[in-house]
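Only one structure is covered here, and it is reproduced in the block below.
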Amino acid sequence: RARAFASTAAAQSAIRRVAVIGGGQMGSGIAQVAAAHKHDVTLVDVSQEALERGKGYMAKSLGRVAKKKFPEDAQAQSRFVEEVLGRVSLSTDLKAAAGSAGLVIEAAVENIKLKQELFAGLAAAAPEDAILASNTSSLPIARIAAPLSAERKRRMIGLHFFNPVPQMKLVEVVRTDEAEQQVVDDAVAFVKGIGKVPAVCKDTPGFIVNRLLLPYTMEAVRLLERDVASPRDIDTAMKLGAGYPMGPFELCDYVGLDTIKFIVDGWHKEGQGLAGDKLFAPSAKLDELVKKGHLGVKTGRGFYEY
Ligand code: NAI
13 RARAFASTAA AQSAIRRVAV IGGGQMGSGI AQVAAAHKHD VTLVDVSQEA LERGKGYMAK
73 SLGRVAKKKF PEDAQAQSRF VEEVLGRVSL STDLKAAAGS AGLVIEAAVE NIKLKQELFA
133 GLAAAAPEDA ILASNTSSLP IARIAAPLSA ERKRRMIGLH FFNPVPQMKL VEVVRTDEAE
193 QQVVDDAVAF VKGIGKVPAV CKDTPGFIVN RLLLPYTMEA VRLLERDVAS PRDIDTAMKL
253 GAGYPMGPFE LCDYVGLDTI KFIVDGWHKE GQGLAGDKLF APSAKLDELV KKGHLGVKTG
313 RGFYEY
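All residue numbers for the sequence shown refer to full-length UniProt numbering, where the first residue is 13 and numbers rise by one.
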């Protein structure tokens with residue numbers, strides 16, 4: 013199989029089969045976008061029920077895409093949805109799914125032990141030249157890859173998508189110190205081939221976007237704690253003064269306060285070079301909201317009520 017790709021189209025055909033592990037919010041979005049760009053995709057989850065839920069997310073999102081693509085033509089809309097869904101197989105058999113994949117993208121829950129076990133299983137099952145990738149937001153790729161052989165580590169990277177995957181253009185391509193340049197190049201070509209824009213970065217906490225966004229949102233919460241301004245005024249200020257599409261409190265509520273707390277606490281405690289960093293120190297306000305179950309849009313209340 014040719015390793016040096018002359019073009020994105022060639023790269024796309026080289027990575028034809030993609031296995032996506034975890035069919036939640038992110039995994040179903042990744043599977044959908046890859047299938048919409050002509051990849052054969054296998055979506056893997058722990059139960060048939062989880063897989064059907066993932067398929068439901070894809071069908072709903074594809075329905076919206078189809079309406080925009082074929083505004084006046086209901087038949088073309090449903091043909092498009094069927095065709096894309098037709099390229100996604102559902103499976104609870106991780107090993108079988110990985111066995112024929114050129115690229116495996118893991119998007120299961122954010123838990124280091126679970127991810128390490130998953131990758132050990134993937135390494136045992138995937139073809140030798142497959143690229144293994146994790147969509148983790150906050151865990152070091154090198155730590156997830158720790159149980160793998162040196163050869164596998166050379167073909168392991170991060171592919172960090174953003175929520176909602178079908179709409180968000182960016183994918184961070186995370187390069188560990190072990191990863192081969194060719195693997196990074198192939199991943200970049202894959203990302204372009206599915207209509208996304210890659211940003212390559214080193215394997216450091218938060219990569220680019222979250223490393224900059226989390227200190228910013230935590231500082232916004234601290235402004236609130238010091239009673240400098242209300243969430244509404246801070247959001248308005250950042251939207252109109254800095255041109256951001258969402259203010260920091262709207263963003264927190266959208267992402268989920270539990271998720272923000274999980275990431276920030278993890279970095280503050282465990283380090284990855286950030287241990288004890290004041291930027292990521294716990295916030296009483298954030299802790300209180302999470303404790304009360306006010307997690308944002310998903311629970312009907314966070315910094316705002318919905
Ligand atoms: P989710 O909770 O919506 O989905 C996780 C899915 O993984 C569930 O369907 C679950 O059944 C499945 N799963 C759990 N254990 C599994 C296993 N052993 N094998 C196969 N499937 C398994 O979570 P979400 O939000 O989709 O996040 C997934 C990953 O993506 C996490 O690592 C998260 O940090 C990362 N991420 C999340 C973003 C977000 O905004 N939600 C953004 C970027 C990355």
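Where a beta carbon is used, it is the ideal one built from N, C-alpha and C, also for glycine. Remember, predicted model here, so these are calculated numbers, not experimental data.
Residue pairing by DSSP places P210 opposite V183 in a beta bridge.
Excluding residues up to 5 positions away in sequence, V32, V53, L55 and V100 lie with their Cβ nearer than 6 Å to the Cβ of A43 in the same chain. Between A142 and A113, the beta carbon gap of about 6 Å places them in contact (Cβ cut-off 8 Å). DSSP links M168 through a beta bridge to L144. Nearest neighbour of V309 by Cα position, chosen from Q60, L263 and S295, turns out to be L263. Distance from the CA atom of P139 to the CA atom of G111, rounded to whole angstroms, is 6 Å. Here E317 has no same chain residue with a Cβ atom under 6 Å from its own Cβ, once five neighbours each way along the sequence are excluded. Remark: the shortest separation between the CB of V309 and any heavy atom of the ligand NAI does not fall under 8 Å. Between the segment 59–69 and the segment 90–105, the count of Cβ pairs shorter than 8 Å is three or higher; the stretches touch.
When the Cα atoms are used, P178 and R76 turn out to be separated by approximately 10 Å.
A157 and L171 have their alpha carbons spaced roughly 14 Å apart. The DSSP-derived three-state label of V233 is helix.
Scanning its chain for C-beta atoms nearer than 6 Å, with the 5 sequence neighbours on each side dropped, one finds no residue around R234. For D198, the enclosing alpha helix (DSSP H) has its first and last residue at Q193 to G205.
Q89 sits buried, since 16 or more C-beta atoms from the chains shown fall within 10 Å of its C-beta. Here Y69 is buried: its Cβ has 16 or more other Cβ atoms, across all protein chains shown, within 10 Å. Per DSSP, R29 is one residue of the beta strand (DSSP E) stretching across R29 to I33. CA-CA distance, G314 to L301, rounds to 7 Å.
The count of Cβ pairs closer than 8 Å, one atom from the segment 113–126 and one from the segment 242–251, stays below three, leaving the stretches out of contact. Of the residues Y256, V196, R187 and A191, the one whose Cα lies closest to the Cα of K214 is R187.
Secondary structure of E118 (DSSP, three-state): strand. Annotation: Q128 to D85 spans about 46 Å, alpha carbon to alpha carbon. Look at I33: its beta carbon is less than 8 Å from one of the heavy atoms in the ligand NAI. The ligand NAI has a heavy atom closer than 8 Å to the beta-carbon of F173. Taking C-beta atoms as the reference points, D198 and I27 count as a pair closer than 9 Å.
Residue range P243 to A254 is occupied by the alpha helix (DSSP H) that includes D247. For D215, no alpha helix (DSSP H) run applies, since DSSP gives it neither H nor E. For S146, the CB contacts under 7 Å within the same chain, skipping 5 residues up- and downstream, are E118, K127, I153, I156 and G170 in chain order.
DSSP, reduced to helix, strand and coil, places E190 outside both helices and strands of the structure shown, so it counts as coil. In the three-state reduction of the DSSP assignment, V302 falls in the helix class, which pools H, G and I. Where V53 is concerned, the enclosing beta strand (DSSP E) starts and stops at D52 to V56.
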